[in-house]
Amino acid sequence: MTAGAGPDLATASGVAGVRGWSPQRMWSVAGAVVLVACVWGFYAWDGAQTTAVLGGTVRAATLLVLGAMCGMIGERSGIVNIGIEGQFLMSAFTAFTVASMSGSLFLGVVAGVSTGLAMGWMLAAMSVGLRTDQIIAGTVLNIAALGLTSFFYDRGRSLGQPKYQSIELGPLADLPVVGTALFNRPPLTYLALVLVVVLHVLLLRSVWGMRTTAIGEHPGAAATVGIDVIRLRYWNVTLAGGLAGLGGAYLALESVGTFTRAMSGGRGFLALAVMIFGRRTPLGAYAAALFFGFTTALQGQFQLNDTFDIPAQFVGMLPFVVTIIVVAAAGLFGRMRDPAALGQPYEVR
Amino acid sequence: MASVVLGLLLGAVLIAVQGHSVSSAYSALVLGGAGDADALLRTLQKATPLVFGGLAVAFAFKAGLFNIGGQGQLLVGAAFAAGVGFGLEGVPLVVHLPLALLVGAAAGAAWGAIAGVLKATSGAHEVIVTIMLNFVAGNLTDWLAANPWQDRSGSNIIARTPLVQPSAEIPTWGWLPAGFVLAVIAAFACWFILERTTYGFEVRSVGANRHAARYAGISVGCIMASTMAVAGLLAGLGGAIESLGVDGRFEAGVNVGLGFEGITIALLARTNPIAVIPAGLLVGLMEAGAAKMQFESGVAPEIIDVIQALILLFVAAPLIVRWLLRLRDRPDAPDRRLTLGAGWGR
Amino acid sequence: MVATAVSQAEPEVLLAGHGITKCFGPVVANDDVSVELRPGRILALLGENGAGKSTLVNVLFGLHRPDAGQVVIADENVELSSPHDAIARGVGMVHQHFQLVPPMSVVRNIVLGAEPRKLGMIDVTQARRRVLELADRFGLHVDPDAAVEDLPVGAQQRVEILKALYRDARVLIADEPTAVLTPQETDHLLDVLRGLTAQGVGIVFITHKLREVMAAADDIVVLREGKVVGTTTPAQTSEAALAELMVGRAVDLHGDRFESGATGVGSAAPAEIAADDAAPTSEAMAADDPERPVVLDIAGLCADDDRGQRAVDELSLEVRAGEIVGVAGVEGNGQRELVEAITGLRHATAGTVSISDRDASGARPRQVTVIGVGHIPEDRAKHGLIGSYSVADNSVLNRYFKRPFAAGGMLRRDRIDSHARDVVATFDVRTPDVESPADSLSGGNKQKLIVGREFSDEIDLLIAAQPTRGIDIGAIEFIWHRIRERRDGGTAVLLVSAELDEVLALSDRVVVMYEGRIVATVDPRTATREEIGLLMAGAAPGTECSVAGG
Amino acid sequence: TGSDEPAATTAAAPATTAAAEEPADDMDDAEPFKIGLVTDTGKVDDKSFNQSAWEGAEQAAAALGAEANYIETEEAKDYENNIGLFIEDGVDVIITVGFGLGDATIAAAQANPGIYFIGVDQFQAEALPNLTGLIFPEDQSGFLAGALAGMLTESNIVGAVLGTDLVPPVVAFKEGWEHGARYTNPDVQTISTYHPGGLDVAFGDPDWGAATARQALDQGADIIFGAGGATGNGALIEIASQEGAYCVGVDTDQWNTVPEARPCLVTSAMKLITPGVADLIAAAHDGSFAGGNFLGEVGLAPFHDFDGIVTDDMRATLADVLAGLNAGEIDTGWPPG
Ligand SMILES: Nc1ncnc2c1ncn2[C@@H]1O[C@H](COP(=O)(O)OP(=O)(O)OP(=O)(O)O)[C@@H](O)[C@H]1O
Ligand SMILES: Nc1ncnc2c1ncn2[C@@H]1O[C@H](COP(=O)(O)OP(=O)(O)OP(=O)(O)O)[C@@H](O)[C@H]1O
Ligand SMILES: [Mg+2]
Ligand SMILES: [Mg+2]
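Protein chains in written order, with this note's numbering: chain A, 174 to 522; chain B, 42 to 387; chain C, 40 to 589; chain D, 348 to 684.
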C-alpha cells in the first residue's frame, strides 16, 4: 500500500468516512495493544489454558466471519441478508449429506458451497429480481431451510470418516501463543483466513469493490455510468451465498463432523451482529468475530475451571452482554452509517 | 389468499413426493386445528402469542425499527407474570390477574426499551442488541425457573415455577380463551394508536422520514425508545398470557421460538396490525393440526414450516403469484409490494 | 435532416430527438417533441416544473425508453437501451439530482464505471493523474481525495462535469446545473461551458433562469405541458417573452426596489401585482425603524457543521417585525448551520437566540414552532415533507399536535383534511386530492405545500431557506408574493438564499455571510450584483458591520 | 470388536412401590395390540432417549405382533393433545418419553384407567395402577464410567461436556462421573462444562460441544464424557480426531449411534431404555403390568475396539464398584446432600 492511497482507501470503504487518526481508530488500536499484552501475560501464566482459549476463539470466529462476509457483500451492494442462518443450515445439510454419500469431504464442501450459491441466488432472485422486501426474503430462506432440512433429515446417516483434521504449518505451528491457535488448524479455517484478507483487499481496492460500494450507496449514480446494477447485485448476492455455504460446510465437516437439526443455533444472526460490529469490512468483521469467539471461549474456560461460583446461565450471558456493551460504547465513539441504498429495491426505469 | 392456496399446493406436492396421502394429511391438519371445540381452543391458544409477537414486530416496523427481540421480550413477560401469579397469595382475582399481566407487560416493555434506549442514545443497532438480549433473556428466565422460583413441591425436578394461583389464571370460555380476546383487542388498539393518535403520527413519521420528523419537532430518540418499549410490552403481554392462561406456570424451554414466529406473522400481515389477527390464526391452525396430521398420515410436522415459508414467499412477491396464476398484469393494478427494508437500511 | 454523414467526419447533428413521445401512466411527459443540437452550440431547454425537460433529456441519454420517436446521435439513428449506449457514443450528462456516490472520493466518482485498472485493482495513481490533468485543462478545480459528501455543491457540480468529460463526451447534457450555484459559480460554469463549445462540444442546458439563457444559449427551446411551444435564439427574444411563453401568461418577476434590469420583466407585470407591491414599499423603506420590535435577536452564536468544524462563528443579527432580512452568501458559509441553530435542529455551541423576547437558545424544534416561528427548510425532500404521507398529513406536519388538529392525543382527521383543502386552494397546490402522497407532487407544488403549511398559522418569525430553489417562474412569483404579504402583515422574515436575484428582490436589508460571519450589511436598493458577489467571495475589507448592535 | 453384551450393568430392580391392582380389563382382544409413543420435544431419531424408547416400542411390537406408532412433539404445550390423539385412537399402551411429560401423563392415566402408560424418566411420587415410571439411576451409570476414566487417564485430567444443568438426569450423570473418577483415582482433576444456553439449544448444539471438548483437550484432559444429545455427540466426534484421547458416550451404546466417535469411544454410560420399554410393554400385554416406578438397568456399554486397553485389574475394580453400587455402599454424589 502506498502512502498516497491511504485516504482514498478510507473513503472507498464507504464506512470509515473519517480519515487519519480519528478517535475511533485510536481507540481500536489502543484496545488491540492492551489485548495483545493481556494475552501474552496470560500465556506466560498458563500456556495450556491460554492456548485452549485462543484455539476456541479462532474456531468460533471462523464460522462467524464467513457469515459476516456473506452479509457484508450483500449489504455493501444494498441488499440486507438476514437469511444467513438458513444458508448455513441448508448448506451444512447438503455438505454433510453429500460427503457422507460420496465418502469425500471435498465433494461435501463443493455441495455446501453450491447450496450456498443457490440460496444466494434465491435471495437475489427474490430481493433483486422480484424486488421482494429483503427482510422477508431472508426470513423465507430461514424458515424454508429449517423446515426442509428437518423434513428431509435422514436419521441413520453418518459421515463414515473423520471430519477435517488439523494441518500443522511447519515451524509456524510451534510459535508461542498463536502457534496452535492460528497455524495448526484444519483446512477450511485456513481457507477462511485467506478469504478474509483477499476479500478485504478486493472490497476496498478493486474495481469490483468500488462498483459494489457504488451500487449500495447510490445505485442510480452507478447506473448512469453504465454499471448494470441489477446484474452486479445478482452476482454479488449469489457469490456471497457461497461464503455462507462454505460456512455451512465448515460447520458440518470441519467444526462438528455431523449434521443435526437446527445445528446452526442462531450463529447466522450472530454473524450479522459481527458484520455490523466490524463495520462491514472483512478485517473488521474478523476482529469482531475473534472478539465474540473470545468471550465465548472464555466463558467455557470459566466453567471448566470453576473460576466463578456462579450458575452456568450467568456465565453463558457473558458474550452477549459484553457485545451489547461494546456495541453501545462503540456507538458513542462514532456512529456507523449504513450504505445509503440498503434495503431499497432498485428498479430500472 | 392466493398465496395461501399456492403455498398449500406446493406443500401438497412435497407430501405426495414423500409418498403420503395429501387429502388425508390436509384433512387431518384442518380437523386437528378446527375439527372440534378442543381443536379450536388449541388453535386460538396458539394464535394468541403469535398475534402478540406479530404486533411486537409490526409496531416497531412502523418506526423503522426491526425488532428481532420478540423472543426475549416474551420470555421475560412470561417469567415475571408467572412470578407474580404464584408468588402472591390471597389476592382477589380482580387485582391479582391484572397485576400479573401488568408486571409481565412491564417486564417485556423494559426489555424492549433497552434496545430502544441504546439505539437512541448511542446508535447501537437494534438488530444486534435485540438478538443479544434474546440470548440473555433465555438464560435469565431459565435461571429463575431453575433456582429462586423453582417449584420445590413434591418430587418436581423440572426447571419450572409452581402453578399460578387460581386468582391469577386467565379464564377460558368454552373454546374461547380470554387471552385470544386480549390479543384481538391489542391488535385493534395498535391500529388505533398508529392511525388515530398523535403518538402514532409521530411513530410513523420517524419510520417514514427521520429527518422530517425531527424538523416537525418530534424527538426521534424518544419515539424510538418508546416504540421499542411498546413492542416489548406487546410481546411481554403475549408471554404473560402464555404463563397465566395456557401453561399455568413458567417453565424453562417451553416457550421456545414463539417470539421469533412474530416476524413471520408480521410479514404475512404486511405489518398491518389488524391483518396480524388472521395471519396468527392461520399459522396457529397449522401448528395445532400438525400433530394430528403426522398421526393420521405420517407426514412429519416440519412440512408446516416449509408451507409457511412458501406462503410468506408468495405474499412477499406477488409477481410470482401472478406469474404462476398467469394473471394478466393490469396496468392500473396497484403495486402491492411490501417494503420493510427501510427499517434496516438507515 | 437526413443522417447521411459517416461518424468519422464532424457530424452535422450531435444529438437530436425527433417526435419524442413519453408517457408515465396517464401523464404525457413529452408529446411529439423534436430538438436538435449541433456541434459547438448550447441549446437551452426552458419550461415550467413538470414541462417535460428532464424527461426529454433522460430519453436522449437512454435513461427512459421513448414510447414513440427517434433518437439521433452523431447523425445516426440509435436505439438506446441504457445510458451505457449513450455514454459509448460520447454523450455525457450532468443530472439535476447529482449522480455521485457520496462517501466515495472525487477520483473514484469520476472514474467509476471506466476505471483504469491493473490486475483488476484500480490503478489509483493513474486515475488521479488523469483526473488532475482533466481538471487543469478545463479549469475545474477539485480536491481529488475529498469525499464527495464533504464537498460544497459547487464542487460537486464540477465533479459531475469532470465525470462526463472524463468519458470524452462530445455532447454534454446539463439538467439545471445552476440551480444550486452562486452568481460567481454560475458565471464560471457558463464560461466553462463556453470553453467546451469552443472545442466542438455540444451542450444541452436546462435552467429556470432566463438571465442565464440570454447570456449563454445559442438556441432556445421552450416546453410547456410536454410540447414544444417555441424555438428561438437569444437575439430574437427577450426575457419577458420567454417567461410568457413558458407559463402561458404574463409574469412579474420584478423586484420593486431592484432596477438593475437583469431580471427586469416589470413591464409585463399585471397592474394589480405592481400595486400590491407598491404600497408596502414605502412602509418597508422604514423597516429598520427602531419603533418596530426586534423579533429575532441573535448574539454571539456559534455552531459546528456535521464534521465538527465551526460553521457559524460568533454571529450576531437582529430581525425586526415587518422586515425581510436577506442572507446572501456562497453556499457552505454557515447559512445552513445558522438556520438549523435558530430552529433547534442543531446544537449551538455558544451564544444566545431570542425570539419575540423569549430566550430560545437551545430550544428544541417543537418549542421553536410553538413560539411562533415558521420554517421553510432548505431541503424539501429531506426535511420539509414526508414523501409517503398524504398531502393532508404533510399540511400539518409540524402542527399536528395542536388544536384543532388534535385533541386529547387523538388526531382529528376531519379538521386536518379541511385544513389541507384550504392550503391546497389558497396556495394553488396542484394535486388530485389531499389524500395523494406528497411524493406524487412536482417540485414546485411540494414547495407551495410547505409554504402553505408554514403560513397557515400565526407566526411572528418566518425563516425561509432557499424558498424557491429549482422551481419555475410561476411558482417563484407566487411564493415571493406570499412572503411579501407576510412581511407586510408584520412578520419578521429571515431569508436565506443562494439566489442573489432573490435576495435582492425580496429583502429590505441584506447581510452577506462569509465563513460563518456576517461580513457586511448592504442596502439592496443601492448595492450592485457585482459588489455583493465580491463580498460573498470574501473580498470584503474585513469590516464587520455591526448591524446587530445598532 | 468386543461383544455386544454390556460390559457391566446394574441389576434390574423391579419397583417396590408397585400397586398390585389390575386395571379394568376392557380391552377388545380381537383388535391388534396397539402401542403409541409420544416424544419429548425431539425426534424419534435423535440418537438418544427418544430413539431408544421408540426402538423399545418397535422391538415389543415385533415380538408381540402389535402395531406401534409415534407422534413427535413440536412444542411442550402439545403433550396433552398428542397423548389425547392416541387415547382417541384406542391404543393399549402409551409411552411418553421424558420427564417433561410427567404431569400430562399422570393426568391422562388418571382419566383413562383402561390404558397402560409408561413414563420414561418420570418418577412417580404416588403410584397409579396403570402408570409406570421407567427411571434410571443415572448417577450410577456415570459413576461406573467415571471409575473407568479415573483408571484410564494418564494426564489425570478428565473432562465432561454436558447438556444443561436444567435437566436433572444430566446433573446426575455428571456428579456420578466426577465421583467415580475420584473414587478410582484420588489425584484426578475433573473439568466439566454445562452448555450455557437455554433448554432450547442445550441439547442441539454440536458445535459448542465440539469446541468445548477441544478446549478441554487443549488443557490436558485425555478422557472426556459427552452427555447431552447432539451437543454431547459433537464433543465425542471432536475427541475422535485427537490422537490418544478417549471419549465416553451416554444413554445408549454410542458405538452404534455415533459411528464417527469410534476412534475414541471407550464405552458409554448407558441407560437401557430400549429393553426397559420393551419389557414394560410386554408386561402390559400379558397383564403383569404394575404401576409405580420401575428402575431400569444402567451400565457400561461394551469396550469394542478398546477391549484390549481395559486391563483385568480395571475390570476387577469395575466389578467391585458395581457390587458396591448395587449394595448401595458407594456415595455417587447424587442426589446431593
Ligand atoms: N418516473 C416518472 N413517473 C411518473 N411520472 C413522471 C416520471 N417522471 C416524470 N413524470 C411526470 O412527467 C412530467 C414531466 O416531468 P419532468 O421531470 O420531465 O419535468 P421537468 O420539466 O424536468 O420539471 P422540473 O422543472 O421540475 O425539473 C411531470 O408531470 C412528471 O410528474
Ligand atoms: N414515481 C413517480 N410517480 C409520479 N411522479 C413522479 C415519479 N417520479 C417523479 N415524478 C414526478 O417527476 C417530477 C420530476 O422529477 P424530478 O426528480 O425532476 O423532481 P422535480 O420536480 O424537478 O423536483 P425538484 O424541483 O425538487 O428537483 C417530479 O416533480 C414528480 O412529480
Ligand atoms: Mg426536471
Ligand atoms: Mg426541478
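Backbone N, C-alpha and C fix where the C-beta goes; we use that ideal spot for every residue, glycine too. No experiment lies behind these values; they were computed from the predicted model shown.
- In summary, T565/C is exposed, with fewer than 16 beta-carbon neighbours lying within 10 Å of its beta-carbon over all protein chains present.
- Burial state of N484/C is buried, judged by a 10 Å Cβ sphere holding 16 or more other Cβ atoms.
- Within the same chain, Cβ atoms closer than 8 Å to the Cβ of V247/B are found at A104, G105, A254, I259, V261, I264, M265 and T268, the five residues on either side in sequence being excluded.
- Identification of chain B residues near A445/C by a Cβ-Cβ cut-off of 9 Å yields T238, T239 and F242, ordered along the chain.
- Inter-segment contact for the region 456–475 of chain A and the region 604–616 of chain D is absent: fewer than three beta-carbon pairs are separated by less than 8 Å.
- At a cut-off of 8 Å between beta carbons, G473/A contacts chain D.
- Between A221/A and D565/D, the gap from beta carbon to beta carbon is short of 8 Å.
- For V548/D, the chain A residues whose Cβ falls inside 7 Å of its Cβ are G438, in order along the chain.
- For the region 282–308 of chain A, the set of positions with a beta-carbon nearer than 9 Å to some beta-carbon of chain D is empty.
- By the criterion of at least three beta-carbon pairs nearer than 8 Å, the region 244–256 of chain C is in contact with the region 226–233 of chain C.
- DSSP links R201/B through a beta bridge to E292/B.
- Assigned with DSSP and collapsed to three states, W681/D falls in coil, not helix or strand.
- Look at N429/D: its C-beta is under 8 Å from a C-beta on chain B.
- Within the region 436–465 of chain A, the residues whose Cβ lies closer than 8 Å to any Cβ of chain B are, in chain order, G439, F442, L443, L445, A446, I449 and F450.
- For P218/B, the secondary structure class from DSSP, reduced to helix, strand or coil, is strand.
- Secondary structure at D569/D: coil, using DSSP grouped into helix, strand and coil.
- Annotation for T267/A: the continuous alpha helix (DSSP H) segment containing it runs I257 to S275.
- In this structure the region 147–158 of chain C does not lie against the region 89–103 of chain C, because fewer than three pairs of beta carbons, one per stretch, are closer than 8 Å.
- Cβ contact annotation for A320/B (same chain, cutoff 7 Å, sequence separation greater than five): G95, I306, L309 and A310, in chain order.
- For S246/B, the nearest CB of chain C lies under 8 Å from its own CB, placing it at the interface with that chain.
- By the rule that beta-carbons nearer than 8 Å mark a contact, S323/A touches chain B.
- Judged by DSSP in its simplified three-state form, C263/B adopts helix.
- Between L332/A and T431/A, the gap from beta carbon to beta carbon is short of 8 Å.
- Here T217/C is buried: its Cβ has 16 or more other Cβ atoms, across all protein chains shown, within 10 Å.
- Between I512/C and A282/C, the CB-CB gap stays under 8 Å.
- Each residue's CA atom was taken as its position, placing V542/C and V369/C some 12 Å apart.
- Contact note: F493/A reaches chain B through M173, F176 and V177, using a C-beta cutoff of 7 Å and chain order.
- Apart from sequence neighbours up to five positions away, the residues of its chain that approach K248/C with a beta-carbon distance below 7 Å are T217, ordered along the chain.
- Proximity of T60/C to chain B, defined by a Cβ-Cβ separation below 8 Å, is not satisfied.
- Cβ neighbours of G567/D within its own chain (closer than 7 Å, five residues either side excluded): S502 and I504.
- Of the other Cβ atoms in all chains shown, fewer than 16 fall within 10 Å of the Cβ of I315/B; this residue is therefore exposed.
- Close to L319/A, with beta-carbon spacing below 7 Å, are these residues of chain B in chain order: D346.
- Beta-bridge partners assigned by DSSP to E115/C: I112/C.
- Within the same chain, E258 come within 8 Å of G439/A by CB-CB distance, once the 5 residues on both sides are set aside.
- Taken in chain order, the whole alpha helix (DSSP H) runs of length 4 or more contained in the region 386–437 of chain D are 396–411 and 426–436.
- By the criterion of at least three beta-carbon pairs nearer than 8 Å, the region 231–241 of chain B is not in contact with the region 73–88 of chain B.
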